[in-house]
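Asker:
Residue numbers (the numbering used here): 5 to 237.
#1: The alpha helix (DSSP H) spanning residue 80 covers which residue range?
#2: Looking at residue 63 and the ligand NAD, is the gap between the Cβ and the nearest heavy atom below 7 Å?
#3: By DSSP, does residue 12 sit in helix, in strand, or in coil?
#4: How do the region 143 to 163 and the region 180 to 191 stand: do at least 3 beta-carbon pairs fall below 8 Å, yes or no?
#5: Can you tell me where the alpha helix (DSSP H) with residue 2 in it begins and where it stops?
#6: Within 10 Å of its beta-carbon, does residue 145 have 16 or more other beta-carbons around it, so buried, or fewer, so exposed?
#7: Going by other Cβ atoms of all chains shown within 10 Å of its Cβ, with 16 needed for buried, is residue 7 buried or exposed?
#8: Would you mind working out which of 64, 106 and 19 sits nearest residue 43, comparing C-alpha positions?
#9: In the DSSP assignment, find the alpha helix (DSSP H) that holds residue 139 and state where it starts and stops.
#10: Since residue 206 contacts residue 228 with CB under 8 Å, what's their CB separation in whole angstroms?
#11: Taking the alpha-carbon of residue 166 as reference, which of 50, 143, 199 and 136 has the nearest alpha-carbon?
#12: Nearest by alpha-carbon distance to residue 196: which of 175, 22, 208 and 211 is it?
#13: For residue 94, which of 140, 54 and 67 has the nearest alpha-carbon?
#14: Tell me the rounded alpha-carbon separation between residue 4 and residue 142.
#15: Can you check which of these residues, 16, 108, 116 and 27, is closest to residue 58 by C-alpha distance?
#16: What's the C-alpha gap between residue 45 and residue 153?
#17: Could you tell me the alpha carbon to alpha carbon distance between residue 90 and residue 104, rounded to whole angstroms?
#18: Which of the three DSSP states, helix, strand or coil, is assigned to residue 159?
#19: Suppose you measure from the CA of residue 115 to the CA of residue 210; what does that come to, to the nearest Å?
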């Protein structure tokens, strides 16, 4: 099992175990002895309900949003899958189910989203609290938008990767990191501005470990963080 030290103690939706640094050891014992022992059962149920969703939306894939590092609790995720599966089974006459193929479209089950929407990466973002008809109507009406958004995102991913490599090479960085929650377009903008100011920052950043983030910071391991919209002020 993958072990993560984070801000909560629980079994995560992907089967990993997270232990909260501020939780007492007795609570760690509870999570390890009970939730971890039941992890295989959780994963079997999750897989079963995900299969139900893939059968309703013929050929759709269920993914974690690539711009989100947050993984919710396994039992929270399972609850949303169970409810969504039940609600969709009651709406098999809807056009969303009659569409022959949802291949190359993607679902992101996000318990914390407020309404059906598209992520920046072109995934349909839904949860069990959304009205079923709102989900289905939104997905049917936004197939083209989802495809266009995903294609643009994939182009930005390639552009971002190339620019990060270029920044690392030109500034002779030991490593370059990014905050995954920052939009690709903002990372791209930051990299382009850094390259334009190469001569000004070369001596400062040479042989450094740089992270494009939301704030300025100097970490204990020497990583220098700068906001993506840095300025000279």
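C-beta: ideal position from N, C-alpha, C; glycine also.
Answerer: If we stick to the structure as given:
#1: Walking along the chain shown from the start, residue 80 turns up at place 76. Residues 78 to 93.
#2: No copy of the ligand NAD appears in this structure; indeed no ligand is present at all.
#3: The count along the chain shown starts at 1 and reaches residue 12 at position 8. DSSP places residue 12 in coil when its eight states are reduced to three.
#4: yes
#5: The shown model of the chain, from 5 to 237, leaves out residue 2, and the question about it has no answer.
#6: Counting from 1 along the chain shown, the entry for residue 145 is found at position 141. The residue in question, residue 145, is exposed, as its Cβ has fewer than 16 Cβ neighbours within 10 Å.
#7: Stepping through the chain shown from its first residue, residue 7 is reached at position 3. So residue 7 ends up on the exposed side.
#8: As a working mapping, residue 43 is identified with position 39 in the chain shown. The shortest C-alpha separation from residue 43 is found at 19.
#9: Position 135 of the chain shown holds residue 139. That run of the alpha helix (DSSP H) goes 136 to 145.
#10: For the purposes of this step, residue 206 is identified with residue 202 of the chain shown, where counting begins at 1. For the purposes of this step, residue 228 is identified with residue 224 of the chain shown, where counting begins at 1. Residue 206 to residue 228, Cβ: 14 Å. No contact.
#11: Walking along the chain shown from the start, residue 166 turns up at place 162. Per the Cα distances, 199.
#12: The residue given as residue 196 occupies position 192 in the chain shown. For the residues 175, 22, 208 and 211, the minimum Cα distance to residue 196 belongs to 175.
#13: Along the chain shown, one-based indexing puts residue 94 at 90. Residue 94 has its Cα closest to that of 140, out of 140, 54 and 67.
#14: Since the first residue shown for the chain is 5 and the last is 237, residue 4 is missing from the structure and cannot be characterised.
#15: Within the chain shown, numbered from 1, the residue matching residue 58 stands at position 54. Residue 58 has its Cα closest to that of 108, out of 16, 108, 116 and 27.
#16: Against the chain shown, residue 45 aligns to sequence position 41. Against the chain shown, residue 153 aligns to sequence position 149. Whole-angstrom Cα-Cα distance: 36 Å.
#17: Along the chain shown, read from residue 1 onward, the residue named residue 90 stands at position 86. Along the chain shown, read from residue 1 onward, the residue named residue 104 stands at position 100. Using only the alpha carbons, I get a separation of about 21 Å.
#18: On the chain shown, residue 159 is found 155 positions in, with the first residue counted as 1. The answer is helix: DSSP assigns residue 159 an H, G or I state.
#19: On the chain shown, position 111 is the one that residue 115 refers to. On the chain shown, position 206 is the one that residue 210 refers to. Roughly 42 Å separates the two Cα atoms.
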